[in-house]
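The opening position of the sequence shown corresponds to residue 11 in my numbering, with each subsequent residue numbered one higher.
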Amino acid sequence: MSTQAFKLTYATMFNPPEEMHTQFEAALARVKASLGRDIGMIIDGKDHFTSEKFEDTNPADTAVVLGVFQKGTAQDADDALAAARRAFPAWSHTPWQERVRLLRQAADLIDTRLYDIAAVIALEVGKNRVEALGDAAETADLFRYACDRLEANNGYIYEMGQDPLSGFKATNISVLRPYGVWVVVSPFNFPCALSGGPAAAALVTGNTVVIKPASDTPWTSRLIAEALRDAGLPDGVYNYVTGPGSSLGQALIDSPEVDGITFTGSFEVGMEIYRDFGRGRWPRPTILEMGGKNPVIVSRHADLDTAATGILRSAFGLQGQKCSACSRIIIEEPVYDRLVERLVEMTQALVIGDPTDRRVYLGPVANRSSYQDYQNFAEDLSQNGRILTGGKILVDAPYARGYFCSPTLVADLPLSHPLWQREMFVPISTIARVGNLDQAMAIANNVAYGLTAGFYGSSEEAEWFYDKIETGVSYANRPQGATTGAWPGYQPFGGWKGSGSTGKNAGGLYYLPLYMHEQIRTMVVKQ
Ligand code: NDP
Numbered sequence: 011m012s013t014q015a016f017k018l019t020y021a022t023m024f025n026p027p028e029e030m031h032t033q034f035e036a037a038l039a040r041v042k043a044s045l046g047r048d049i050g051m052i053i054d055g056k057d058h059f060t061s062e063k064f065e066d067t068n069p070a071d072t073a074v075v076l077g078v079f080q081k082g083t084a085q086d087a088d089d090a091l092a093a094a095r096r097a098f099p100a101w102s103h104t105p106w107q108e109r110v111r112l113l114r115q116a117a118d119l120i121d122t123r124l125y126d127i128a129a130v131i132a133l134e135v136g137k138n139r140v141e142a143l144g145d146a147a148e149t150a151d152l153f154r155y156a157c158d159r160l161e162a163n164n165g166y167i168y169e170m171g172q173d174p175l176s177g178f179k180a181t182n183i184s185v186l187r188p189y190g191v192w193v194v195v196s197p198f199n200f201p202c203a204l205s206g207g208p209a210a211a212a213l214v215t216g217n218t219v220v221i222k223p224a225s226d227t228p229w230t231s232r233l234i235a236e237a238l239r240d241a242g243l244p245d246g247v248y249n250y251v252t253g254p255g256s257s258l259g260q261a262l263i264d265s266p267e268v269d270g271i272t273f274t275g276s277f278e279v280g281m282e283i284y285r286d287f288g289r290g291r292w293p294r295p296t297i298l299e300m301g302g303k304n305p306v307i308v309s310r311h312a313d314l315d316t317a318a319t320g321i322l323r324s325a326f327g328l329q330g331q332k333c334s335a336c337s338r339i340i341i342e343e344p345v346y347d348r349l350v351e352r353l354v355e356m357t358q359a360l361v362i363g364d365p366t367d368r369r370v371y372l373g374p375v376a377n378r379s380s381y382q383d384y385q386n387f388a389e390d391l392s393q394n395g396r397i398l399t400g401g402k403i404l405v406d407a408p409y410a411r412g413y414f415c416s417p418t419l420v421a422d423l424p425l426s427h428p429l430w431q432r433e434m435f436v437p438i439s440t441i442a443r444v445g446n447l448d449q450a451m452a453i454a455n456n457v458a459y460g461l462t463a464g465f466y467g468s469s470e471e472a473e474w475f476y477d478k479i480e481t482g483v484s485y486a487n488r489p490q491g492a493t494t495g496a497w498p499g500y501q502p503f504g505g506w507k508g509s510g511s512t513g514k515n516a517g518g519l520y521y522l523p524l525y526m527h528e529q530i531r532t533m534v535v536k537q
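What follows is the structure, given as structure tokens:
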């Protein structure tokens, strides 16, 4: 694909050129020819294998084993942290320009391998091909954006004012310096961008890294580790370990050898990590990116075609398994019936199936527990609300061996029902009817989350929406996605309240400094 002619982002992915399909299919064939291998961890630059293993299976066909991965232990966590500790002095003293060069090289390798990485993501997560390509392409851009920011800030070395001392000349320099060993724990839904993005920020600023991916998606993160290794990062600077969050992950969290952490995942696990990590000898930086319960508000002045398109994409893209998925649809009374009718019609037209097939929009949910969640929620919602469409798992051929769920819209669920509050993380959205926009805003903000939100209405109403909504990312009148589709450098991504701990968004202006502490260097010379 010519990157000059077409830049793939989540907002531009709807009409890709034909060449993208040709290249994806060739890559898929290559990847399928390599399934079932025993794939190691990378500790101190070397492949490391354990006696206990786990299988990575395809959620579209659970009989297919994609790869066999290592069930890392607490000892492996210690070994990876020790390797990162040994590598830190040299890496942190490597000139930042050289770190930028290496990270850019890794970004270029990700681009070169984009289609193969995307094919793995499609098989491992169940993403359709454009979503999978987006995840991989975003990762390369996150790498580059981190490099750009370091360059734009001249390595974060700033000369401060000179204090007015008589008989002396003072020089005051502010330097941001890396913390040390950084742990990255990533979720299953964006295994590329959410392993690679935080790792790139940590690395380019001079930290060394240990990454632990979700057990559903270890392969994609391995490919990022390989890009870093092949780009020439020294041994130990980047380590990749696999295994259960409850044992291997917890061992990383509990280790005094960790100087900072970026966790992306659920609110429940994130808050546990926040508390556990707080038990260290001193406070350590804790970047938590957690769940969402993302609302869209539709005003009576909205363009309903635009609203329906944007809502549908955000509710059911990646099967509703985006942290930014549009899970609450709040509509003003005068346009309620028309919009709901439209949404139901469009939802029923979505194609569900093998996500590697170019015609398919919805693949399977990523794992057995999401599949079970969907069934429990659908049962509850059918009793307490009105299912307008969906509500069923798909069990007949060709769906029989995968975790396929029909996209679901629910009306008339009382606002007091717990599923207005809880992140479901499956293709289910609930719809509320309101008399005015103030009521809509009260509902929108009445959750513990504050990740993304969308609005459709007039420009004046949109200004009101930005002012009142309590989220880190807010979109108005966007057909490309009501609440989804952020891209580094365009829409930095992060959440307020229970959606994030720092109040600064990834892929944005203020992100890199989170990975460094400040040192003021004052030198006084007698005159
Ligand atoms: P989980 O919270 O279940 O897991 C996330 C990661 O944490 C996995 O690697 C998991 O490992 C690991 N983990 C689990 N327990 C521990 C522990 N005790 N110590 C250390 N690590 C642990 O999330 P999911 O993978 O299910 O991802 C979905 C969630 O992520 C949703 O809530 C979604 O909203 C959120 N998310 C947030 C984003 C944001 O930017 N705000 C972006 C994307 C997703 P294992 O898999 O082995 O259990």
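Cβ coordinates follow ideal geometry from the N, Cα and C atoms, glycine included.
Closest Cα partner of D158 within the set A128, A117 and L447: A117
Boundaries (first-last residue) of the beta strand (DSSP E) holding L76: D71 to Q80
N199 Cβ short of 8 Å to the ligand NDP heavy atom set: yes
Within the region 301-351, ranges of the beta strand (DSSP E) (whole runs, at least 3 residues): 304-308 and 336-342
C-alpha gap between P208 and T272, whole angstroms: 7 Å
When S61, G144 and L113 are compared against P26, the one with the closest alpha-carbon: G144
Identity of the residues DSSP links to K536 by a beta bridge: F178
Contacts around D121, its chain only, beta-carbon distance under 6 Å, and the 5 residues preceding and following it disregarded: A150
Limits of the unbroken alpha helix (DSSP H) element including D264: Q260 to D264
Segment limits, alpha helix (DSSP H) that includes N386: R378 to N394
Proximity to L124 [Cα-Cα], best of T512, A452 and C202: C202
Residue from T440, A70 and T104 with nearest C-alpha to L328: A70
3 or more residues per run - each beta strand (DSSP E) lying fully within the region 406-483: 418-421, 438-444 and 462-466
Own chain partners of D173 with C-beta closer than 8 Å, once the 5 adjacent residues on each side are dropped: A180 and N182
Outcome for V75 when other beta-carbon atoms lying within 10 angstroms are tallied against a minimum of 16: exposed
Helix, strand or coil at Y168 [DSSP, three-state]: strand
Nearest to L18 (by Cα), restricted to the options I53, H58, D89 and A142: A142
Enclosing alpha helix (DSSP H) for L238 [first to last residue]: P228 to A241
Three-state secondary structure assigned by DSSP to V247: coil
Cβ contact check for the region 431-445 and the region 299-318: 3 or more pairs under 8 Å: yes
Stretch-stretch touch, CB-based, cutoff 8 Å, three pairs: the region 504-518 with the region 485-492: no
Cβ neighbours of L243 in the same chain (closer than 6 Å, five flanking residues each side left out): L112
First and last residue of the uninterrupted beta strand (DSSP E) at T218: T218 to K222
Under the three-state DSSP convention, the category V401 falls into: Note on residue identity: the sequence assigns Gly, not Val, to residue 401. DSSP places G401 in coil when its eight states are reduced to three.
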